[in-house]
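In this note's numbering, the protein residues as written are 251 to 435. Beta carbons are placed, not taken as given, at the ideal position from N, Cα and C, and that holds for glycine. If you're wondering where the values come from, they're calculated on a predicted model, not measured in any experiment. A short write-up of the structure that comes next.
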Amino acid sequence: MLFFCKCDSNAVSNAHSIDSLQTKTDVCVRPVSAADTSTYICHNVEVKGDVEQPFSFTIDDLKKMKVVGIDTFNLVCQTGATLENNFGCKGVLLKDILNKAKIKQTGHKDRNFYIVARASDNYMATFSWSEIFNNITGENTYVIFEENGKPIQRKGEMILICINDIKTGPRHVFWLKSIEVYRVN
Ligand SMILES: Nc1nc2c(c(=O)[nH]1)N[C@H]1C(S)=C(S)[C@@H](COP(=O)(O)O)O[C@H]1N2
Ligand SMILES: [Mo]
251 MLFFCKCDSN AVSNAHSIDS LQTKTDVCVR PVSAADTSTY ICHNVEVKGD VEQPFSFTID
311 DLKKMKVVGI DTFNLVCQTG ATLENNFGCK GVLLKDILNK AKIKQTGHKD RNFYIVARAS
371 DNYMATFSWS EIFNNITGEN TYVIFEENGK PIQRKGEMIL ICINDIKTGP RHVFWLKSIE
431 VYRVN
C-alpha cells in the first residue's frame, strides 16, 4: 500500500476521502494508525497569504529564532476534559514568525486580517491581527517543537498552541502544515 504525505499539495485529492470522514466525527482523541500518522507529519510549515515574504520553516529554522521556554501547559478540550499536562515546552512566538513574513499592511488602519493555523488533516484554528499584535494572546501563542523536555513525537514535529485560551484544546493544532494570513474584504 502506498501512502501519500498529506503535506504534499499533490496528495490533496488522495487525502480528501480520509479527511472528509474525519471532519464528520466529533471525537477529540481519535486513533490513527502508525502508518497513517507518518503521512500527516510536516517537516516544513508554510507561511503564506497576504504577506510580503512567504517562507517555510523547519524545526532547525525555529531554533535559529528567539526560542522561549514554557514551563507548564495543560491541554483542555472544549468538553472540559484535561487531556494532557505538559511541561518543558520550547517554541517561537507566532508573532515573531508573522513579523518575519511581514503582513501586507498598507497603513496603520489596515489591520483587519485573520490568521489560520492549518494542519495536514485540515484541522484549523483562527486568530485575528488584533489578538496577536495588540493583545496578551500574542504573548501566549507559540509554535512549539519540544514538549516534556523532548522533541514532539506523537503528533508530528510542530504544534501551534495558545496557552491563555480558557480551553486550550481548540487552538492546539498538531500536524501543523501552514500559517495563512488573509485580509478581511
Ligand atoms: N491536527 C489536529 N489538531 C487537533 C485536533 C485534530 O483533530 N487535528 N483536535 C483538537 C482537539 S478538539 C483537542 S481537544 C486536542 C486533542 O489533542 P490530543 O489528541 O493530542 O489529545 O487537539 C486539537 N488539535
Ligand atoms: Mo477537543
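Within the chosen limit of 7 Å, ligand 2 does not reach the beta carbon of Gly-330 with any heavy atom. Using a C-beta cut-off of 8 Å, the segment 379-386 makes contact with the segment 341-356, since at least three inter-stretch Cβ pairs fall below that distance.
Remark: the C-beta of Glu-334 is in contact range of ligand 1, defined as less than 7 Å to any heavy atom. Taking the Cα positions, Leu-333 is about 10 Å away from Cys-278. About 6 Å separates the beta carbons of Ile-402 and Ile-409, which is inside the 8 Å limit, making them a contact pair. 8 Å or more divides the Cβ of Ser-288 from the Cβ of Val-295.
Under the three-state reduction of DSSP, Ile-413 is assigned to coil, being neither helix nor strand. In the DSSP assignment, Glu-430 forms a beta bridge with Lys-298 and Val-366. Secondary structure of Ser-283 (DSSP, three-state): coil. Pairing Lys-354 with Tyr-290, the inter-Cα distance amounts to about 30 Å. Taking each of Asn-390, Lys-313, Glu-396 and Cys-412 in turn and checking the Cα distance to Met-374, the smallest one comes out for Cys-412.
Within the same chain, Thr-332, Glu-334, Asn-335, Asn-336 and Thr-418 come within 8 Å of Asn-324 by CB-CB distance, once the 5 residues on both sides are set aside. Residue burial is scored here from C-beta neighbours: Ile-386 has fewer than 16 other C-beta atoms within 10 angstroms and is therefore classed as exposed. Looking at His-422, Glu-396 and Glu-430, the one whose alpha-carbon comes closest to that of Ile-309 is Glu-396.
The nearest non-hydrogen atom of ligand 1 is less than 7 Å from the C-beta of Phe-424. Inter-segment contact for the segment 355-369 and the segment 425-432 is present: three or more beta-carbon pairs are separated by less than 8 Å. The alpha carbon of Lys-350 has as its nearest neighbour, out of Lys-400, Arg-404, Gly-406 and Gln-303, the alpha carbon of Gln-303. Ala-351 carries a helical assignment under DSSP once its states are collapsed to helix, strand and coil.
Glu-407 and Ile-320 have their alpha carbons spaced roughly 17 Å apart.
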